Amino acid sequence: MKVSLFVTCLVDGIYPHVGEAMARLLARHGVKLEFPEVQTCCGQPAFNSGYWEDARGAAITLLDAFEDSDFVISPSGSCVGMIHHNYEKLFEQDDALLGRAKKLVDKTYEFTQFLVQVLGLKDLGAYFPHKVTYHPSCHGTRLLGVKNEPLELLTHVRGLELVPLPSGEDCCGFGGTFAVKMSDISGAMVEEKAQHVMETEAEVLVGLDMGCLMNIGGHLHFKGKPLRVMHLVELLYEGVKAKA
Amino acid sequence: MNTAKLTSVKDRAKVALNDQFLRNAVRFTTEKLRSGRKTASQDQGNWEEWRERGRQIRLHTIAHLDYYLAQFIENARAQGTHIHFASTSEEAVEIAMKIAEAKQAKSVVKSKSMVSEEIHLNQALESAGIEAVETDLGEYIIQLAGETPSHIIIPAIHKNKQQVAELFSKEAGQQLPADTTILAGFARAKLREKFLEADIGMTGCNFAIAETGSITLFSNEGNARMVSTVPKTQITMMGMERIIPTLDDLEVMATLLPRSATGQKLTVYMSIITGPRRSQDSDGPEEMHIIILDNGRSLQLGDPEFQELLNCIRCGACLNACPVYRHIGGHSYGKVYSGPIGAVLTPALNGNVAEWDDIANASTLCGACWEACPVKIPLHDMLVYLRRKKADQGYTAASERAAFKGFRYVMSNHKRYRLSMKMGAIGQTPLVSNGVISAKVGPLKGWTSHRYAPSLAKQSFRDSWRALDLDVQSELREMDPDIQAKMNQIVESRRKGGRTHG
Amino acid sequence: MAKSSGYLAELEERSKRRQEEFLNNIRTRLGRSSNTPVHPFRGAPDFWLNYDLTQQERIDLFMENWRKVGGEAIQVGSMEEAKTYISDVTQTMQARYLLCFDQPELVEMKLAQTCPGTDVTFWNPDRESELLAKAAGTDIGIGIVDYAVAHTGTILAMSNPYKGRAISLLPTAFMAVIKAETIRTRMGEVLKEVRGLHEAGEMPAGVHFVTGPSRSADIENDLTIGVHGPGVMYAVVVG
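First to last, the protein sequences are chains A, B and C. Residue numbers for the first sequence follow our numbering, beginning at 4 and rising by one. Residue numbers for the second sequence follow our numbering, beginning at 48 and rising by one. Residue numbers for the third sequence follow our numbering, beginning at 731 and rising by one.
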């Protein structure tokens with residue numbers, strides 16, 4: 004059984020501790036992660052901007068990296084959403100690549116999907132005595148349909164008070180290159196999101212995508228707000244360590 | 048401020064973002080409509096099944112549009128309706144003007160019609176000396192203000208009471224207070240005169256029913272009924288894709304449209320109009336015309352990426368759901384159709400890639416529009432297709448093309464990727480303080496004007512993997528046999544060709 | 731008149747000429763032959779078609795929904811009681827002008843006698859020129875409507891020579907008299923009846939579904955009642 008980690012470029016370069024938390028957490032449940040190093044990026048920035056040929060250049064590295072994996076797991080609803088929602092379109096012109104892309108789609112899971120749907124785990128025995136709010140990222144919820152899994156995991160964490168995020172389903176304004184191309188609109192959106200986060204009076208903002216969290220967290224800290232912003236896998240790992 | 052002259056979405060959005068009233072008004076109204084839609088769809092129950100049925104009906108109709116259109120035309124003619132065909136907006140205007148001329152019309156009353164906005168009919172009528180009066184309260188307001196609608200179903204969403212009072216006072220020749228009841232009362236009285244003296248009533252068409260040759264009109268104020276009851280001549284402007292096959296299908300559309308648009312179970316008025324008045328009837332138009340408009344719609348047919356665009360039932364739910372629309376309002380889109388549907392429809396109808404501005408870039412691709420759409424049009428995907436068309440045909444900026452070439456060069460090879468991360472981690476050093484980047488330089492400026500940028504980690508995940516892997520080995524526990532069995536079973540069923548996931 | 735029919739002939743000729751080209755363009759783009767399509771998903775989903783209420787449930791649901799959108803609703807046992815209600819409303823509202831569908835049951839109510847000083851007019855094919863103006867000045871329009879839909883709180887009025895469209899539209903108020911047995915659970919049931927008329931060659935020019943008083947939220951999303959259409963809507967369910 005080969006279970007591989009698709010770490011995503013953002014976690015690889017900027018948030019490596021998220022990947023680390025995932026490897027350590029899964030090891031506790033008997034899952035030994037592999038890390039095929041030929042992987043780079045899912046190609047989403049180029050794909051969404053309309054440069055599909057350039058996107059393919061990146062996406063092929065994933066087809067190569069996970070060719071003989073049985074499961075591929077990733078800490079990003081957006082990058083997994085890219086694979087599920089777009090790879091068949093991206094490779095539709097080439098039968099051989101399309102076949103490989105379909106196989107990849109079939110075995111790729113966002114991290115909470117894997118925990119809940121495959122491993123059947125909801126209660127990891129974590130303890131995290133803080134007030135937490137959860138931002139459901141757009142691609143994870145809408146493209147991938149990950150809605151209940153993170154909530155099930157969160158509600159089983161002992162000591163954790165989950166506060167609903169008002170208008171949580173609204174986009175935070177990240178949108179990849181959108182944040183740079185349409186920076187004023189993006190700025191207005193993240194400001195609204197941050198306001199909603201502050202209204203919850205939570206100590207911790209948690210999510211499943213470092214892109215969105217980088218955006219919201221970057222704004223909160225820019226405004227001097229002391230909130231802790233973390234990926235759900237970090238929270239869970241910290242929680243099980245605390246329990247242990 | 049009139050933003051129509053500004054050439055880019057970005058510039059127009061900037062103006063809108065600085066207009067606090069506009070932002071509050073649009074936010075307030077879209078929030079209300081959005082929660083109305085959610086409540087109404089929950090109350091109805093089985094909403095996903097309704098959406099899927101609506102989608103299937105629209106898909107089927109558009110895939111056989113020539114057939115249903117022909118059936119509609121035949122049945123409408125049999126009821127005495129005059130049918131006209133217009134390939135372009137100019138042709139539609141010309142036909143309407145011919146009818147108006149023959150009728151020696153002095154005034155035309157209109158109920159809300161996006162098609163008539165699309166072809167800019169009012170200007171043509173005015174320049175021929177024919178008074179054109181918009182009778183939907185919202186449309187009346189923006190007509191007096193000399194503006195275009197900023198929302199498909201709430202055209203004057205951007206106007207406040209004071210502004211409306213000012214506009215109406217000018218019309219009334221006396222000062223009217225900023226009181227909704229009084230203002231609406233003024234419009235009722237004023238427009239009633241207009242209805243009674245008008246020579247022609249002009250309507251849009253929500254759905255045209257092929258099996259009976261009828262048009263249907265949904266309205267809350269009753270103006271669409273007025274327009275189709277009082278004047279002697281009726282002209283209906285209809286996009287050629289408005290067809291549904293049968294009256295049975297109307298039940299589905301009537302379930303989806305009002306709930307998605309305003310959260311109502313049904314609009315106050317839903318009228319099925321079939322031909323002119325019968326010989327013994329004492330009201331209703333004596334002559335009924337339907338102008339069927341193409342104007343770029345047929346360009347979408349046969350295009351697997353855009354054909355579904357014609358499934359749209361113009362409910363406006365995507366506007367209310369869109370976080371970008373909520374912040375910048377409809378006028379920022381610069382065209383008659385705004386919001387997510389407008390961002391796709393406008394360039395698709397115009398067909399001219401070279402002239403598309405950055406409208407397709409004004410989206411985070413969050414998919415809220417798709418989720419809200421009663422017929423599940425994947426607008427977020429279409430926005431990407433538009434961007435791809437633009438890039439493929441060489442209409443994007445050279446700097447952007449170069450950037451993505453660079454992206455590909457780096458990302459298509461893990462060694463180059465690893466190296467560039469290493470170099471980045473070193474190169475960023477002068478910009479980093481306390482682990483973040485706040486400098487507003489180069490391409491980072493857009494980002495850092497609103498937030499800190501994170502810095503690259505000192506050691507990337509891949510560089511720390513070897514050590515981590517060894518460490519994790521020691522923490523590895525035995526897997527639960529049930530889980531093991533389940534994983535094996537998933538892999539096995541996948542091997543047999545079953546799709547287990549995705 | 732000569733000018734008018736001349737232009738129609740010209741436009742008609744042009745329309746016929748353009749039709750083939752217009753439809754062919756669509757057919758070519760779709761890559762379709764001209765065969766008759768199979769219509770796989772017609773109308774509402776099956777689960778919905780099985781939704782049916784008893785008559786009293788329909789009446790109750792109709793009245794509940796009608797009231798929710800701001801209408802007045804009452805159930806009475808007979809046309810005689812309906813007459814009493816209508817007379818009471820007319821007198822309380824101090825209505826001076828009534829305009830009615832020309833229906834035997836309404837004529838028999840003799841409202842002019844029960845409400846002295848009130849002008850009662852019946853719609854009629856012979857009085858075309860004055861009826862619209864009359865409707866615009868009417869206080870209450872009255873008609874026995876064709877059907878009602880419980881699920882949405884909707885009434886249905888079809889036009890014919892004795893039932894002008896203006897009656898449910900131009901007056902300040904409208905009184906819909908609804909026979910209990912004409913209330914259906916779903917809109918689809920009523921649409922089936924409409925199709926029946928079409929198939930019998932008796933499709934009315936105007937089929938109007940009305941769900942409560944005219945309304946608008948176009949000014950600052952502030953709900954106003956009675957824009958263009960009647961601001962007061964009564965429903966009298968008989969039976």
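The C-beta atom is built at its ideal place from N, Cα and C for all residues, glycine as well. Computed from a predicted structure; not experimentally measured.
**OP:** Take the Cβ of A:TYR18 as the centre, count every other Cβ of all protein chains shown within 10 Å, and call the residue buried at 16 or more, exposed below.
**Re:** buried
Original post:
Apart from the five residues just before and just after A:ASP15, which ones in its own chain have a Cβ nearer than 8 angstroms to its Cβ?
Top reply: GLY22
Original post:
From the DSSP output, which residues share a beta bridge with C:GLU802?
Top reply: C:TYR964
Original post:
Is any beta-carbon of chain F found at less than 9 angstroms from that of B:LYS79?
Top reply: Among the protein chains of the structure shown, namely A, B and C, there is no chain F.
**OP:** Kindly give me the distance between the Cβ atoms of C:GLY871 and B:ASP330, rounded to whole angstroms, as I take these residues to be in contact under 8 angstroms.
**Re:** Not quite, the Cβ-Cβ distance comes to about 12 angstroms (not below 8 angstroms), so this is no contact.
Subject >> B:SER136 vs B:HIS167 beta-carbon contact at 9 angstroms >> reply: yes
Original post:
Applying a beta-carbon distance threshold of less than 9 angstroms, which residues of chain C neighbour B:ILE188?
Top reply: ASP948 and ILE949
**OP:** Determine the extent of the alpha helix (DSSP H) in which A:HIS234 is found, giving its start and end residues.
**Re:** Per DSSP, A:HIS234 belongs to no alpha helix (DSSP H); it is in the beta strand (DSSP E), 231–234.
Subject >> Proximal chain B residues relative to C:TYR737, where beta-carbon distance stays under 7 angstroms >> reply: LYS145 and ALA149
Original post:
With a CB to CB cut of under 6 angstroms and the five nearest residues on each side skipped, what residues in its chain are close to C:ALA947?
Top reply: LEU953
**OP:** Please confirm if B:THR293 has its CB atom under 9 angstroms from at least one CB of chain C.
**Re:** yes
**OP:** Would you mind working out which of B:GLN221, B:ASP66 and B:LEU297 sits nearest C:GLY773, comparing C-alpha positions?
**Re:** B:LEU297
Original post:
Which residues, in order along the region 455–484 of chain B, keep a beta-carbon less than 8 angstroms from a beta-carbon of chain C?
Top reply: none
Subject >> Cβ of C:LEU899 within 9 angstroms of any chain B Cβ >> reply: yes
Original post:
B:TYR499 touches chain A at which residues, Cβ-Cβ below 7 angstroms?
Top reply: GLY221, HIS224 and PHE225
**OP:** Kindly say whether C:LEU760, judged by its beta-carbon, lies nearer than 9 angstroms to any beta-carbon of chain B.
**Re:** yes
Original post:
Hey, how far is the Cα of B:HIS447 from the Cα of A:ALA62?
Top reply: The amino acid occupying residue 447 of chain B in the given sequence is Glu; His does not appear at that position. The straight-line gap from Cα to Cα measures roughly 19 angstroms.
Subject >> Assigned exposure category for C:PHE752 - 16 Cβ within 10 Å defines buried >> reply: buried
Original post:
Unbroken alpha helix (DSSP H) runs of length 4 or more, entirely within the region 195–226 of chain A: which are they?
Top reply: 213–225
Subject >> Supposed close pair B:VAL391, B:LEU366 - CB separation, criterion 8 angstroms >> reply: Not confirmed; about 12 angstroms, so no contact.
Original post:
Of all the CB atoms in chain B, is at least one closer than 9 angstroms to the CB of A:ILE76?
Top reply: no
Original post:
Can the beta-carbon of A:LYS134 be found less than 9 angstroms from the beta-carbon of A:ASP71?
Top reply: no
Original post:
Rounded to a whole number of angstroms, what is the C-alpha to C-alpha distance between A:HIS20 and A:GLY221?
Top reply: 18 angstroms
Original post:
How many angstroms separate the CA atom of A:GLY190 from the CA atom of A:ILE86?
Top reply: 28 angstroms
**OP:** May I ask you to list, following chain order, the residues of the region 224–245 of chain A that have a beta carbon less than 9 angstroms from some beta carbon of chain B?
**Re:** HIS224, PHE225 and LYS226
Subject >> DSSP three-state assignment for C:ASN890, whether helix, strand or coil >> reply: strand
**OP:** Would you mind giving the Cβ-Cβ distance between B:ASN342 and B:LEU396, rounded to the nearest angstrom? I have them listed as a contact below 8 angstroms.
**Re:** 6 angstroms
Original post:
So what does DSSP say about A:LYS246, is it helix, strand or coil?
Top reply: helix
Original post:
Can you name the start and end residues of the beta strand (DSSP E) that A:GLU113 belongs to?
Top reply: 111–113
Subject >> Listed by chain order, chain A residues near B:GLN506 by CB distance under 9 angstroms >> reply: PRO19
Original post:
Can you name the residues of chain B whose CB is closer than 8 angstroms to the CB of C:ARG945?
Top reply: ASN267, GLU268 and VAL315
**OP:** Decide if A:ALA99 is buried, meaning its Cβ has at least 16 other Cβ atoms within 10 Å, or exposed.
**Re:** exposed
Original post:
By the 10 Å Cβ neighbour count, where 16 or more other Cβ atoms means buried, how is C:GLU950 classified, buried or exposed?
Top reply: buried
Original post:
So, is B:GLY453 buried or exposed, given that buried needs 16 or more other C-beta atoms within 10 angstroms?
Top reply: exposed
Subject >> Residues that C:PRO855 contacts on chain B, provided the C-beta gap is smaller than 8 angstroms >> reply: GLN327, ASP328 and SER329
Original post:
Taking three-plus beta-carbon pairs below 8 angstroms as touching, is the region 878–895 of chain C in contact with the region 784–795 of chain C?
Top reply: yes
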